[in-house]
Structures are given as structure tokens and as C-alpha cells.
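Notes to accompany the following structure.
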Amino acid sequence: SQKIEQNSEALNIQEGKTATLTCNYTNYSPAYLQWYRQDPGRGPVFLLLIRENEKEKRKERLKVTFDTTLKQSLFHITASQPADSATYLCALPFGGGGATNKLIFGTGTLLAVQP
Amino acid sequence: NAGVTQTPKFRILKIGQSMTLQCTQDMNHNYMYWYRQDPGMGLKLIYYSVGAGITDKGEVPNGYNVSRSTTEDFPLRLELAAPSQTSVYFCASSSVEEIYEQYFGPGTRLTVT
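Here the protein sequences come in this chain order: A and B.
1 is the number of the first residue of the first sequence in our numbering; add one for each residue after it.
1 is the number of the first residue of the second sequence in our numbering; add one for each residue after it.
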């Protein structure tokens, strides 16, 4: 079955630096991959989706890459700010989930941006 | 728009009790989902629905039931609560046009003792 691996250790960086988070999956390459942000005590918030035929996607200070050969997605936040501190979740569809977007999620990586 | 709302926010159940977690969305979304999130684990899909009257199992459906009588509401029923169902439960919804963007509710923290 498909498994998602995200670094369980917190990532601590200085304000203004670029944060890079990694998402690896173990089985078949999905048609797309999503990134969500989750703050403590709240539900996840959708950030970006990248499809298998897209190498890179950008949205403001966010950039996502998708390498189906490495079975990996990288999530970058440039010019990071303390307000970017949160847990970032990687998610991808399972069970032919494209038509219904049934997702499996990684455990998330906690990002802490120090002022 | 209130988005996706969930009630209650917190609940403590005794083993064997039953309860219904409520979920309502006011965005006229066709797709609705229930997830559970255990500490240190990713969210796992319990059930989902593609529209009123249509539901299907997700990854971890055992011990739960759902119904979808209206577009707005998607309640999750626990019939015989077990300690293994202690978790945070999230409801989500998405539209047909933007199916990939799931909107999540604030969650219900459930403890079964």
C-alpha cells in the first residue's frame, strides 16, 4: 500500500531564510500531490497541488517540485516569516482517488521560523 | 460563509457509549469527507460522500457509520465507542469544480475512557 514519509523532526530556521520540506512516497506515482498547512488545534488548510506532469508549481513565496523518478516532492517557503511556523502536510490520492480526491496524508513536518 | 462547522469541539465518552459527530458546510459542496488524526500519525480517511444519498468507505471505516440526507450535513456515528477511537476527527468538503481543494472544519477532539 502507498506510504508517505515526511521528516518527523522539526525544522528550525531563521527568519528570511528558505525552508525546504521533503515528502517521499513509497509505491506508485500519484496523478497529483497536495500540500496543506495545519496550525495547532485547527484543521488543515489547502496550499498547493502539483500534477505528475508538472515539475514545479509556484504560489507567492511557495514553491513545490515533483520528481516521479525519485518519488519525492519538495516544498519550499522563501523569505520565511515567523507566521509561517506550522505543520506542513503532504497528501496524495489513493484507490484511484482522482475522481473523488480520497487522500492519504503524511505525518507532517513542524516548521519553526525564529525571528 | 461559515465554511465547515463541526460540533461538539470536545467530548469524553465511556466505553460502549454511542454518539454522533456533526458536520455542516454552507458552501454547497458535493463532496464531503471524514478523517481521524491520531498523535504523530497522518490523517486517515474514514468515510466520504459524493452527494446526498451516496456514501462510501475510506481507509479506516470499522466502528463508524455515516449518512448524507442533505448536501449540507454529513454526520459521523460511533455506535460502541472503544478506546482505539480516541482521536481528533476532521470533516472536510470540496466542490465539483475545485475537487482537489478540501476545506476542513476545526475538528472534534474525542476521548474514550
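Cβ coordinates follow ideal geometry from the N, Cα and C atoms, glycine included.
Short-range partners of chain A found in the segment 31-44 of chain B, where Cβ spacing is below 9 Å: For the segment 31-44 of chain B, the residues whose beta carbon sits under 9 Å from a beta carbon of chain A are, in order, Y31, Y33, Y35, Q37, G40, M41, G42, L43 and K44.
For F10(B), the first and last residue of its enclosing beta strand (DSSP E): Residue mapping note: residue 10(B) aligns to position 10 of the second sequence, counting from 1. For F10(B), the enclosing beta strand (DSSP E) has its first and last residue at F10 to L13.
Span separating the alpha-carbon of A92(B) from that of Q81(A): Along the second sequence, read from residue 1 onward, the residue named residue 92(B) stands at position 92. Along the first sequence, read from residue 1 onward, the residue named residue 81(A) stands at position 81. Looking at the two C-alpha atoms, the distance is approximately 28 Å.
Option nearest N62(B) by Cα separation, candidates R68(B), G53(B) and K44(B): In the second sequence, residue 62(B) corresponds to position 62, counting from 1. Measuring from the Cα of N62(B), the nearest candidate turns out to be K44(B).
Beta bridge counterpart(s) of T22(A) as assigned by DSSP: Along the first sequence, one-based indexing puts residue 22(A) at 22. Partner(s): L74(A).
V66(B) at chain A interface by Cβ criterion, 9 Å: The residue labelled residue 66(B) in the question sits at position 66 within the second sequence. In terms of beta-carbon proximity, V66(B) stays away from the interface with chain A, with every pair separated by 9 Å or more.
Interface flag, S94(B) vs chain A, CB-CB below 9 Å: Along the second sequence, one-based indexing puts residue 94(B) at 94. Output row for S94(B): interface = yes.
Y100(B) versus Q6(B), Y31(B), R109(B) and D38(B), residue with shortest Cα-Cα distance: Indexing the second sequence from 1 puts residue 100(B) at position 100. With distances taken between CA atoms, Y100(B) lies nearest to Y31(B) out of Q6(B), Y31(B), R109(B) and D38(B).
Residues near G97(A) by beta carbon distance below 7 Å, same chain, minus five either side: On the first sequence, residue 97(A) is found 97 positions in, with the first residue counted as 1. Low per-residue confidence applies at G97(A): pLDDT is 49, beneath 50, and the placement is therefore not dependable enough to give any value.
S73(A) at chain B interface by Cβ criterion, 9 Å: Within the first sequence, the letter at position 73 stands for residue 73(A). So, not an interface residue.
Simplified DSSP state of Q2(A), which is helix, strand or coil: Stepping through the first sequence from its first residue, residue 2(A) is reached at position 2. If DSSP states are grouped into helix, strand and coil, Q2(A) belongs with coil.
C-alpha gap between T111(B) and G58(B), whole angstroms: Looking up residue 111(B) in the second sequence gives position 111. Looking up residue 58(B) in the second sequence gives position 58. Looking at the two C-alpha atoms, the distance is approximately 22 Å.
R11(B) vs F90(B) beta-carbon contact at 9 Å: Sequence index remark: in the second sequence, residue 11(B) carries index 11 (1-based). Sequence index remark: in the second sequence, residue 90(B) carries index 90 (1-based). No; because the gap between Cβ atoms is not below 9 Å, this pair is not in contact.
Buried or exposed (CB count within 10 angstroms, at least 16 for buried), N101(A): Taking the first sequence and counting its residues from 1, one reaches residue 101(A) at position 101. N101(A) should be labelled buried.
Boundaries of the beta strand (DSSP E) in which E120(A) is found, first to last residue: Not covered by the structure: residue 120(A). The range shown for chain A is 1 to 115.
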